[in-house]
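Anchor point for the sequence shown: position 54 equals 54 in this note's numbering, and the numbering is continuous, going up by one each time. Using N, Cα and C, we set each Cβ at its ideal position, and we do this for glycine too. All values derive from a computational prediction rather than experimental measurement. Remarks on the structure that follows.
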Amino acid sequence: MRAEITTLTDEIKQSLELLRRRLDWDKSEKELAELNAKAEDPHLWDNPEEAQGLMQKRTALENQMNAVGAIQTELDDLLGLAEMAEEEGDVASLDEAQTMITDLHVRAQKAEIEALLSGEADANDCFVEIHPGAGGTESNDWASMLLRMYTRWAQQAGYKVEVIEEQPGEEAGIKSATIQVKGHNAYGWLKTESGVHRLVRISPYDSNARRHTSFASVWVYPVVDDQIDIEVNESDCRVDTFRASGAGGQHVNTTDSAVRITHNPTGIVVQCQNERSQHKNRATAWNMLRARLYELELQKREEAASAQAASKTDIGWGHQIRSYVLQPYQLVKDTRTAVEHTDPDAVLGGDIDGFMSAALAQRVGGEAS
Numbered sequence: 001m002r003a004e005i006t007t008l009t010d011e012i013k014q015s016l017e018l019l020r021r022r023l024d025w026d027k028s029e030k031e032l033a034e035l036n037a038k039a040e041d042p043h044l045w046d047n048p049e050e051a052q053g054l055m056q057k058r059t060a061l062e063n064q065m066n067a068v069g070a071i072q073t074e075l076d077d078l079l080g081l082a083e084m085a086e087e088e089g090d091v092a093s094l095d096e097a098q099t100m101i102t103d104l105h106v107r108a109q110k111a112e113i114e115a116l117l118s119g120e121a122d123a124n125d126c127f128v129e130i131h132p133g134a135g136g137t138e139s140n141d142w143a144s145m146l147l148r149m150y151t152r153w154a155q156q157a158g159y160k161v162e163v164i165e166e167q168p169g170e171e172a173g174i175k176s177a178t179i180q181v182k183g184h185n186a187y188g189w190l191k192t193e194s195g196v197h198r199l200v201r202i203s204p205y206d207s208n209a210r211r212h213t214s215f216a217s218v219w220v221y222p223v224v225d226d227q228i229d230i231e232v233n234e235s236d237c238r239v240d241t242f243r244a245s246g247a248g249g250q251h252v253n254t255t256d257s258a259v260r261i262t263h264n265p266t267g268i269v270v271q272c273q274n275e276r277s278q279h280k281n282r283a284t285a286w287n288m289l290r291a292r293l294y295e296l297e298l299q300k301r302e303e304a305a306s307a308q309a310a311s312k313t314d315i316g317w318g319h320q321i322r323s324y325v326l327q328p329y330q331l332v333k334d335t336r337t338a339v340e341h342t343d344p345d346a347v348l349g350g351d352i353d354g355f356m357s358a359a360l361a362q363r364v365g366g367e368a369s
C-alpha cells in the first residue's frame, strides 16, 4: 500500500489508542450504562436541575465514545477500499481512498484535542474581551482585526457570536469589544487565547510608510452555568449607566441604556450595551461579572494561573503570547509553543486551530504539536 496511506493510518490508530486511554474505555462504558439506567428512571425529572445535569453528562460521554467508534469504523472501511483498489490496479479509487483517509486523519486529530477539554467549564459558552494597548489608532485598528479574527473563527467552527459591547475608536478600529461565543466547548477551545497579541506591519495610517508595532490584549472567560453558585455582594459593586456610542444602525442607543459594573474588591469592570433595554443590559452585565469572578476561581486552581496573570499585567513588550508579522516578512508565531504559520492573512481570517490545539496540549502537560 502507498506509504502516505500507511503513515496516515498509523497516526489515526495512535490517535484512537490515545482517545481510548483518555476516556478510560472500560470505565466509560460502565459509567454510560449507569447513566442510561438512571435516565430511564420515571422519577428523574422530579428534580429538573439534577436531571438536566445527568442528561448533559450522558450526552457528552456518549458523543465522545461514538466519535471514537465512528472513526474506527470509517478507517476499517477505507482500508478495505484501498486494499481492493490496489489489488485491482484502480488508481482513481486508490486516490479517492487516500483523500478520505487524509480527511479522517484531520478529524482524528481534532477529536484527540477535544478529549483534552475536560475542565470544569470547558464545555461552556464564553465571553471574549479585546482591548487595544497604547498607540492610539494603530492599536485600535489591531484590536478590531483580532475581533474579526475570532468572529470568523467562531462562525467557521459553527458557533454563534453575539456582540455584547463595542466601543469604536475615534479614527478607526475599536477602543474595546466583548463578544459571546455560544456552542459546545467554546470556552475549552478559546481559553488559551487569553494574553497579549503583537502586530508588526507597515502602518496604513503613517504617511511615511514606517513599520509599527502594536499590541492588544484578549481575555477569555466562561459563561457561568445556572448550577454554579457565584455570590456577588452588590454593596461591593458600583453600577454606572451611560449612553452607548456606535457607528449607527441597529446598535444606536438614544437613552442611557448601557451599563457598566465595577467590582471594587477585584477591580473587575464589565459593561454591556447591545440591548436598548437598560434592564436587559444590566442583567447581562451581572452575568458577565459572575463569569469573570468564576474565571478567577478557575485560575487559582490551575498551575498556570500565575503565568496567565503575569501575561495580563501589561499590554506591551515581553508579555505577548503570539506575534503577527506582516512586514518585512510574513509569519505568525506563538511564543509559548513555537508553532508558526507563514500565511498571516489566513490566520487573521480565522485559521487559528493549530495554535489553539498546541497551546491546549501544552497546557495539560502534553507536547505541542
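Of D353, Y329, M55, the smallest CA-CA separation from R152 is found for D353. Between the beta-carbon of L44 and that of V128 there is about 36 Å, and that puts the pair past the 8 Å contact cut. Around the beta carbon of M356, a 10 Å sphere encloses 16 or more other beta carbons of the protein chains shown; the residue is thus reported as buried.
Between T137 and E166, the C-beta gap is not smaller than 9 Å, which leaves the two residues out of contact. Scanning the region 159–241 for uninterrupted alpha helix (DSSP H) segments of 4 residues or longer gives 186–190, listed from N- to C-terminal end.
Contact annotation: the region 207–216 touches the region 139–152, with at least three C-beta pairs closer than 8 Å. Y329 counts as exposed, since fewer than 16 other beta carbons sit within 10 angstroms of its beta carbon.
In summary, P344 is buried, with 16 or more beta-carbon neighbours lying within 10 Å of its beta-carbon over all protein chains present. Shown here, Y324 sits in a strand according to DSSP, grouped into three states. Judged by their CB atoms, V196 and Q320 are nearer to each other than the 9 Å cut-off.
Annotation for R322: H197, D334 place their beta carbon closer than 6 Å to its own, counting only its chain and skipping 5 residues before and after. Around the C-beta of I202, fewer than 16 other C-beta atoms lie within 10 Å, and the residue is accordingly described as exposed. Put simply, the backbone Cα of E114 is about 31 Å away from that of M1. Here D95 is not near N185, since their CB atoms are 9 Å or more apart. L23 sits away from V91, with the two beta carbons spaced by 9 Å or more.
When DSSP reads this structure, H131 sits in a beta bridge with S217. Per the coordinates, the alpha-carbon of E297 lies some 22 Å from the alpha-carbon of G183. In terms of Cα proximity to R243, the closest of D125, V269, I230, Q273 is Q273. Note: R260 is bridge-paired with D240, Q271 in the DSSP secondary-structure output. In the three-state reduction of the DSSP assignment, E11 falls in the helix class, which pools H, G and I. Within the model, the alpha-carbon separation for L147 versus L78 is close to 40 Å. Around V259, the same chain offers T241, C272, N281, R282, A285 as residues with beta carbons nearer than 6 Å, after the five sequence neighbours per side are excluded. Taking 9 Å as the cut-off, the Cβ atoms of L331 and T342 count as close. Contact between L16 and I71 holds: CB atoms are separated by about 6 Å, below the 8 Å threshold. Between A359 and T192 a beta carbon distance of about 4 Å is seen, short of the 8 Å cut, so the two are scored as contacting. Annotation: the continuous beta strand (DSSP E) that includes D334 extends over 331–334. Taking the CA atoms as reference points, T337 sits about 7 Å from Q362. Scanning its chain for C-beta atoms nearer than 7 Å, with the 5 sequence neighbours on each side dropped, one finds around Q155 the residues V161, in chain order. Membership of L44 in any alpha helix (DSSP H) is not indicated, and neither H nor E is assigned to it by DSSP.
Secondary structure note for V106: its alpha helix (DSSP H) is the uninterrupted segment 91–114. In this structure, DSSP gives E340 an extended state, which the three-state scheme calls strand.
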